[in-house]
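Letter by letter, the sequence shown follows residues -26 to -1, 1 to 291 of mature numbering (1 follows the signal peptide of the UniProt record, and there is no 0).
All residues carry an ideal CB built from backbone N, CA and C; glycine is no exception.
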Amino acid sequence: MGTKRFGRYAALCVSAAGVTAQPAFAEAVKMTGKFAAPYREAALLDSLGIDRFNGRDGRQLEMAIERALSQPDIEGRPHFDLIAAFGGGQGPDGVLSGAVTSGVQESRFKQKQKRCVERESGKDSGKCLREAEVEVDCTRRVVNVNADLRLARTTDGRIIYTAAKPKRDEISWCRGDDPARTVEESVREMIEGIAGEVRRDIAPVVETYSIRFRESTKGLAKELNRPFKDIVRQTQRDLRGACAAWKVMDGQAPNHPSITFDLGLCAEAAGDYHEALDLYRRAAPLIGTGGNEAVTGAERVGRLIAAQADDAARGRR
């Protein structure tokens, strides 16, 4: 494995982080990485136009998506150039359109609640003298927002993203209380949620995350148990040195599941994603038990590799 720089975002911003006060929690490495969008063809577009969304709340969703896609990435600029869907000059590489439907349903029901049934001097402001379970009138409100979206590539008209985003908000309140939020507030919150989901669907996302080192010494020679645990603790003060020590130990105990996995995590922290992918794939059958942490690790670095490939493809145009 070649030497990699620790620190910049493409190689992950790395800092050791773990909980030492509670031994039940394993030491971990904290990283920041850029993950590919689930809809990679959409993410490859350089520019995007947002067309009119049909429906009473369509305009609100248009603006919410525009705000979400205008958020800068780790390089300080939006992933897409947002331009008018139709108009003069060169058009966008893709056009996002859709429709929004919404509805409100209210129903009445009764519910038992503890209420004051007797007050001092018989006045509402008087001290409560007796409480009892009484049946009160209540209201249940359900607000539904459904958005259907599609993104067409303008060069060939091909639909490269389509999604249905149903949202539901339910609240209840009883006589004498106020609802927790208005219908407008419910709709606005769901619209913002849909816009955020659309951004995560079609644009890469930068995330900071922590992955624990594997500490199990099962199957490891007895004389290596203590040195292995010392290396795990070393990750919290000298990650690079700990990773080098694991590489030496790998020669002493080849194909040990924990050592192989931890070397994969070292490679991921150093930004050597292809090496990490190879090590996680090797560790997965050694650990066993189906969808283990190595399988998850392989899937994770696969998205990191895909994001690098997508950035390279966009840069070549």
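Can you round the beta-carbon distance between residue i and residue j to whole angstroms, since I take them to be within the 8 Å contact cut?
i	j	result
ALA169	ARG41	7 Å
ARG281	LYS8	In the sequence under discussion, the amino acid at residue 281 is Ala, which differs from the Arg named in the question. Confirmed, Cβ separation roughly 5 Å.
ARG288	LEU18	6 Å
Evaluate residue i with the Cβ neighbour count: other Cβ atoms within 10 Å of its Cβ, from every protein chain shown; 16 or more gives buried, anything less gives exposed.
i	result
GLY68	buried
GLN(-5)	Bear in mind that the predicted position of GLN(-5) carries a pLDDT of just 27, short of 50, making it unreliable; the figure below should be weighed with that in mind. Answer is exposed; the Cβ neighbour count stays below 16.
ILE133	exposed
CYS217	buried
PRO222	It is worth fixing the name first, because residue 222 is Val in this sequence and not Pro. The residue is exposed, with fewer than 16 neighbouring Cβ atoms inside 10 Å.
GLY72	buried
GLN64	exposed
ALA58	exposed
THR263	exposed
PHE54	buried
SER160	buried
PHE60	exposed
THR129	exposed
LEU213	buried
GLU36	buried
Tell me which residues share the same chain as residue i and place their Cβ nearer than 7 Å to its Cβ, disregarding the 5 neighbours each side in the sequence.
i	result
ALA241	MET(-26), GLU249, ALA250, LEU253
ILE233	TRP220, MET223, ASP224, ALA227
LEU194	PHE202, ALA227, HIS230
Residues in the same chain with beta-carbon distance under 6 Å from residue i, minus the five sequence neighbours each way, listed in chain order, please.
i	result
ILE261	PRO231, ALA268
ARG277	PHE9, ALA10
PHE235	ARG188, ALA257, ALA268
Between which two residues does the alpha helix (DSSP H) containing residue i stretch?
i	result
PHE60	Looking at the DSSP string, PHE60 is not in any alpha helix (DSSP H), and its letter there is neither H nor E.
Tell me which residue opens and which closes the beta strand (DSSP E) that residue i is part of.
i	result
PRO201	No beta strand (DSSP E) holds PRO201; the alpha helix (DSSP H) holding it covers 196 to 208.
ALA106	102 to 127
residue 295	Missing from the structure shown is residue 295; the chain here goes from -26 to 291 and no further.
Under 8 Å Cβ to Cβ from residue i, same chain only, skipping five residues before and after it: list those, please.
i	result
ALA272	LEU251, TYR254, ARG255, ALA258
Length-filtered (3 minimum) beta strand (DSSP E) runs lying within the region 1 to 36: Here the runs fully enclosed are 2 to 9, 21 to 28.
Secondary structure, alpha helix (DSSP H): runs of 4+ residues fully inside the region 133 to 198: Counting whole runs of 4 or more residues, the region 133 to 198 contains the alpha helix (DSSP H) stretches 157 to 176.
Entirely enclosed alpha helix (DSSP H) segments - the region 206 to 270, minimum 4 residues: You should have 213 to 226, 231 to 244, 247 to 261.
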